[in-house]
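Q: By UniProt numbering, the letter at position 44 of the sequence shown is numbered 44, and the numbering carries on one by one without gaps. All C-beta atoms, glycine included, are put in the ideal place defined by N, C-alpha and C. Since the model is a prediction, treat every value here as computed from it, not as a measurement. Attaching a single structure in structure tokens format; questions to follow.
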Amino acid sequence: MKYGIYIFLLAVFQINFCLGQNTASIRDVLDSTNKITPLSANILITKNGQRIFEKSYGYADVEKQKLLTADNSFQLASISKQFTAYGIMILKNKGIIQYDSLVVNYLPEFPYRNITVRHLLNHTSGLPDFWNKIRPNLDTNRSNGNNDALQYLIKNHLLLQSEPGSRFEYCDIGYDFLATIIERLSKKTYGQFLEQNIFKPLKMNDTHAYLVTDIRRIQNSKLAIGNVWDPAQKRFLYAHIQSKYNFVFYLGDFYGDGSIVSTARNLALWDRALTNCVLLPCDVQEESMKPYLFEGKPVIDKNGKPVNVGFGWFFFQTPALGTVITHGGGHPGNQHNIYRIPEKNIAFIFLSNAESDDHQKLVDRILQLL
């Protein structure tokens, strides 16, 4: 008996020792990077739901010289999609919607009669490319949103890029239409539905689903302002006022694909809720975590590359970590990542309000140390 306790305590000591070494290495990597290229980010790593590494770099508001803290929230951009997907899953669990039902059953005016809810969730709808086919034709003198995209598709009869279900084509507006479906079926706004069914039950008190993405219209004193680096001035500048990002204004009313604001600590609560199946039964959640298959194989993209995609998540495998569940998010001045590593019970959250060409390289270096 005593020997068994000794072995257990030794194992715990070894795990904690390794974690300590890893977090020290992670801190060294971040600190050394920050000396060369200034960071502006909140980084959080949890193990078994406990914070094992947390650090803030840079400024929440660079112009006012307000330092980032753990309390600051960020525009999550496409990390928002997992919450939209979960909203659909909640409706499915209540018997209100079916994944393989046609979208027109819930949005009768939807102009494509062969696209299902699952196709929207998995980015396999084949909907026309928003950025190149729809965006250039929107009125840039006002803020456009979900209904504007829907009405444009209704009026212009654009061809699909591919047969629904047959090919992966990342599609933001698919998630905007999912948000609209949530509103139609729940008779609540997208924000109200997620607040009542996800954020409030999980005590994610600093997480909000807005109906806008233009930071100038978001009333949130804790919100970190996105920045871009100006090499000439050698300093960060607000991203949303740069001319190359003028779309922040005229695409400001889209929601569902990228309009949620949250903190690293709140995302850690979200990870624990998913791990412990707090809101939905585990078997219901598992369907969203399975790679979508077409003809028995992972769906391919336009280049013929297999894509492991679920409902608002992507998946990959590494020998050291096993299965990694992830999604990134990008919005002018913001670059984010969330990684869930079930086999190690680790969550890694990196929220940055400063654009960098080396962002993903840094994130990958940290992943290698987990």
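(1) Would you kindly work out how many angstroms separate the C-alpha atoms of Leu30 and Ile338, rounded to a whole number?
(2) Please state whether the Cβ-Cβ distance between Leu178 and Thr84 is less than 8 Å.
(3) Note down the Cα distance separating Tyr6 from Gln50, rounded to an integer number of angstroms.
(4) So for Pro136, helix, strand or coil by DSSP?
(5) Using three-state DSSP, classify His208 as helix, strand or coil.
(6) Buried or exposed for Ile222, please, with buried defined as at least 16 other CB atoms from any protein chain shown within 10 angstroms of its CB.
(7) Hey, Ser40 and Tyr57: beta-carbon distance below 8 Å or not?
(8) What are the residues that DSSP puts in a beta bridge with Phe294?
(9) From what residue to what residue does the alpha helix (DSSP H) around Tyr190 run?
(10) How far does the alpha helix (DSSP H) with Ser243 in it extend, from its first residue to its last?
(11) So, under 8 Å CB-CB, Thr213 and Ser259 are touching, yes? Tell me the CB distance rounded to an integer number of Å.
(12) Name the residue from Leu267, Gln161, Gly252 whose alpha carbon lies nearest to the alpha carbon of Asn144.
(13) Give the secondary structure of Tyr106 by DSSP, where H, G and I count as helix, E and B as strand, and everything else as coil.
(14) What is the DSSP secondary structure of Leu44, counted as helix, strand or coil?
(15) Do you know how far the Cα of Leu76 is from the Cα of Ile241?
(16) What three-state label does DSSP hand Tyr57 in the structure shown?
(17) Report the CB separation of Leu194 from Ile97 in whole angstroms; it is logged as a contact under 8 Å.
(18) Quick one: Cα of Gln14 to Cα of Asn114, how far?
(19) Going along the chain, which residues of its own chain have a beta-carbon closer than 7 Å to the beta-carbon of Arg265, five neighbours each way excluded?
(20) Going along the chain, which unbroken runs of the alpha helix (DSSP H) with 4 or more residues stay wholly within the stretch 115 to 163?
(21) Alpha carbon to alpha carbon, how far is Val228 from Leu67? Give it in angstroms, no decimals.
(22) Under a three-way DSSP split, which group does Asp358 fall into?
(23) Can you tell me the Cα-Cα spacing of Trp270 and Met289, whole angstroms?
(24) Cα separation between Tyr170 and Phe247?
(25) Quick check: Leu127 and Tyr99, are their CB atoms within less than 8 Å of each other?
(26) Can you find the residues in the same chain that come closer than 7 Å, C-beta to C-beta, to Pro332, ignoring five residues on each side of it along the sequence?
(27) Any idea what DSSP makes of Lys66, helix, strand or coil?
(28) Considering just the uninterrupted stretch of the beta strand (DSSP E) at Ala320, what are its terminal residues?
(29) Which residues in the same chain as Asn197 place their Cβ atom closer than 6 Å to its Cβ, once the five residues preceding and following it in sequence are excluded?
(30) Among Lys344, Leu274, Gly87, Phe236, which residue has its Cα nearest to the Cα of Lys64?
A: On the basis of the supplied data:
(1) 17 Å
(2) yes
(3) Reliability of the predicted coordinates at Tyr6 is poor, the pLDDT of 49 falling under 50, and the value obtained from them is presented with this limitation in mind. Distance between the alpha carbons of Tyr6 and Gln50: 24 Å.
(4) Of the three classes helix, strand and coil, the one that applies to Pro136 here is helix, per DSSP.
(5) strand
(6) According to the sequence displayed, residue 222 carries Lys and not Ile. Classification of Lys222: exposed, given that the 10 Å Cβ count is below 16.
(7) yes
(8) The partner list for Phe294 (beta bridge, DSSP) reads Lys297.
(9) Under the DSSP assignment, Tyr190 falls in the alpha helix (DSSP H) whose first and last residues are 190 to 194.
(10) From DSSP, Ser243 is part of no alpha helix (DSSP H); its letter is neither H nor E.
(11) Between Ser259 and Thr213 the Cβ distance is about 5 Å, and since that is below 8 Å, they are a contact.
(12) Gly252
(13) coil
(14) strand
(15) 19 Å
(16) strand
(17) Between Ile97 and Leu194 the Cβ distance is about 15 Å, and since that is not below 8 Å, they are no contact.
(18) Low per-residue confidence applies at Gln14: pLDDT is 48, beneath 50, and the placement is therefore not dependable, though the value from the model is reported in the following sentence. Approximately 55 Å between the Cα atoms of the pair.
(19) Excluding residues up to 5 positions away in sequence, Leu44, Ala70 lie with their Cβ nearer than 7 Å to the Cβ of Arg265 in the same chain.
(20) The qualifying runs are 117 to 121, 146 to 156.
(21) 16 Å
(22) Residue state, collapsed to three classes: coil.
(23) 15 Å
(24) 19 Å
(25) no
(26) Gly226, Ala239, His240, Tyr245, Val248
(27) strand
(28) Run containing Ala320: none; DSSP gives neither H nor E here.
(29) Ile90
(30) Phe236
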